[in-house]
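> Numbering (our numbering), first residue to last: 603 to 961.
Positions of the beta carbon are idealized from the N, C-alpha and C atoms, including for glycine.
Note that this is a predicted model, so its numbers are computed, not measured.
One structure, pasted below without further comment.
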Amino acid sequence: MSETRKKTRPVKVGPITIGGNAPIAVQSMTCTDTRDVEATVAQIERLTEAGCEIVRVAVPDEKAAQAVAKIKGRIKIPLVADIHFDHRLAIGAIRNGADCIRINPGNIGRDKMGQVIGEAKERGVSIRIGINSGSLEKDILSRHGAPTAAALVESALRNVHLFEEMDFHAIKLSVKASDVPAMIEANRALSEATDYPLHLGVTEAGGLVNSAVKSSIGIGVLLNEGIGDTIRVSISGDPVAEVGVAYGILRALDIRRVGPDIVSCPTCGRCEVDLFRLVEEMEDRLSGMKDYFKLALMGCVVNGPGEAAEADIGIAAGRHTGLLFKKGKVIRKIREEEFADALMEEVHAMLEKRVRSKE
Ligand code: SF4
603 MSETRKKTRP VKVGPITIGG NAPIAVQSMT CTDTRDVEAT VAQIERLTEA GCEIVRVAVP
663 DEKAAQAVAK IKGRIKIPLV ADIHFDHRLA IGAIRNGADC IRINPGNIGR DKMGQVIGEA
723 KERGVSIRIG INSGSLEKDI LSRHGAPTAA ALVESALRNV HLFEEMDFHA IKLSVKASDV
783 PAMIEANRAL SEATDYPLHL GVTEAGGLVN SAVKSSIGIG VLLNEGIGDT IRVSISGDPV
843 AEVGVAYGIL RALDIRRVGP DIVSCPTCGR CEVDLFRLVE EMEDRLSGMK DYFKLALMGC
903 VVNGPGEAAE ADIGIAAGRH TGLLFKKGKV IRKIREEEFA DALMEEVHAM LEKRVRSKE
């Protein structure tokens with residue numbers, strides 16, 4: 603990370619701290635029908651397994667607000683209830699055990715917000731003020747002519763003042779846009795203007811590839827400037843992939859070392875093994891692993907030994923064979939069909955050794 607992280611006020615979401623010196627937390631959101639408790643819990647379990655630290659569920663009606671209680675009783679990570687328009691749903695979700703609620707106060711109204719804030723205060727629940735380019739207050743939108751970065755920030759600050767007037771400070775802020783430069787500009791300005799923790803995300807980012815690109819740029823640029831306390835990557839698809847991309851961003855910036863970092867070459871005419879299959883198999887076999895290590899899968903001996911040598915474990919392939927490296931040293935030569943099993947064996951041995959050395 604090139605710049606020092608901006609110091610923000612710590613805010614709790616259940617047992618997890620957002621802001622202050624706390625690690626940048628990874629969030630996701632379920633895409634199941636919240637009223638379908640079984641499907642929602644199953645998806646949250648998969649997200650938890652992948653390393654998701656906070657999960658958000660949509661609460662569009664009374665039945666979904668009631669489902670929050672049942673879901674909360676069965677999951678291990680804090681839950682954020684996502685509410686729009688109806689303050690009674692926010693109050694219901696808080697009473698049913700939500701650790702935090704996400705609302706866009708602009709579409710709820712001042713008096714009703716007061717009731718929500720009263721309930722949140724009583725139960726120690728935090729609130730994310732989530733400003734989206736698609737749902738700005740009418741007066742702000744007409745003054746700015748478009749959902750510009752300045753319009754998003756004005757809306758966020760207006761709501762911050764409303765909360766402060768009601769003496770409520772357990773707030774996180776997000777200003778999201780699908781336009782990456784606007785999202786970056788808005789968060790920079792918001793970070794200057796306030797010390798509440800910021801939740802970063804590029805909204806409506808698209809499918810896996812498009813979202814990974816937009817999120818890595820939007821979230822990554824800001825994190826690299828020390829801005830942001832929690833992140834959510836939005837993907838049209840399985841939310842488990844959001845968690846993988848989020849940790850990829852944090853690893854690439856060396857902000858958090860979680861999960862294996864697989865370094866592999868694109869291959870070229872020199873490669874004489876099926877490297878793509880190996881990469882896929884290793885990604886699959888290592889998925890959900892929380893320990894950080896660097897695994898290099900290299901297609902030939904040109905750059906292979908150099909890259910593999912820098913990794914914790916690696917392979918530099920030859921003709922249907924490969925040199926297995928560990929911490930810069932060749933351990934042995936193996937056949938292509940042994941690659942995946944031999945790598946897994948070394949990974950497990952290394953992790954066991956780490957555990958033993960901590961004991
Ligand atoms: S490591 Fe070898 S196979 Fe892979 S891209 Fe480089 S030269 Fe090609």
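What does the Cβ neighbour count give for ILE857, buried or exposed, with the cut at 16 atoms within 10 Å?
ILE857 is buried by the Cβ-count criterion.
> Does the region 645 to 659 come within contact of the region 618 to 634, defined as at least 3 CB pairs closer than 8 Å?
Yes, the region 645 to 659 touches the region 618 to 634.
> For MET768, which three-state DSSP category applies?
Reduced to three states, the DSSP call for MET768 is coil.
> Buried or exposed: which applies to ARG704, given that a residue is buried once 16 or more other Cβ atoms fall within 10 Å of its Cβ?
So ARG704 counts as buried.
> For the alpha helix (DSSP H) that contains ASP684, what are its first and last residues?
Taken as a continuous stretch (DSSP letters only), ASP684 belongs to no alpha helix (DSSP H), being part of the beta strand (DSSP E) at 681 to 685.
> Using the DSSP secondary-structure output, state which residues sit across from GLN717 in a beta bridge.
Answer by DSSP bridge pairing: none, since GLN717 is not bridged.
> In terms of residue numbering, what span does the beta strand (DSSP E) encompassing LEU925 cover?
Segment 923 to 928, the beta strand (DSSP E) holding LEU925.
> Give me the Cα-Cα distance between LEU855 and GLY720, rounded to the nearest whole angstrom.
Using only the alpha carbons, I get a separation of about 39 Å.
> What does DSSP give as the partner residues of ASP663 in its beta bridges?
Answer by DSSP bridge pairing: none, since ASP663 is not bridged.
> Within the present structure, is the beta-carbon of GLY901 separated from the nearest heavy atom of ligand 1 by less than 7 Å?
Within the cutoff, so yes.
> Does ASP856 come out as helix, strand or coil in the three-state DSSP assignment?
It is coil, neither helix nor strand.
> Within a Cβ cutoff of 7 Å, which residues of the same chain sit near LEU880, ignoring the five residues on either side of it in sequence?
Same-chain partners within the cutoff: LEU899, PHE941, ALA942.
> What does a CB cutoff of less than 7 Å around SER838 pick up in its chain, not counting 5 residues either side in sequence?
Excluding residues within five positions, the ones whose Cβ falls inside 7 Å are GLY808, GLY809.
> Can you tell me which of ASN706, GLY747, GLU882, LEU897 puts its alpha carbon nearest to the alpha carbon of HIS686?
Checked all of ASN706, GLY747, GLU882, LEU897; the closest Cα to HIS686 is ASN706.
> Give me the Cβ distance between GLY586 and LYS892, rounded to the nearest whole Å; I'm assuming they're in contact under 8 Å.
With the chain running from 603 to 961 in the structure shown, residue 586 is simply not present.
> Kindly provide the ranges of any beta strand (DSSP E) runs that are 3 or more residues long and lie completely inside the region 857 to 924, ordered along the chain.
Within the region 857 to 924, the complete beta strand (DSSP E) runs of at least 3 residues are 862 to 866, 895 to 900, 915 to 919.
> Taking the CB atoms as reference points, tell me whether THR750 and PRO799 lie closer together than 8 Å.
Result no, Cβ atoms of THR750 and PRO799 do not sit closer than 8 Å.
> From this set, ASP876, LYS672, VAL957, which residue's C-alpha is nearest ALA918's C-alpha?
Checked all of ASP876, LYS672, VAL957; the closest Cα to ALA918 is ASP876.
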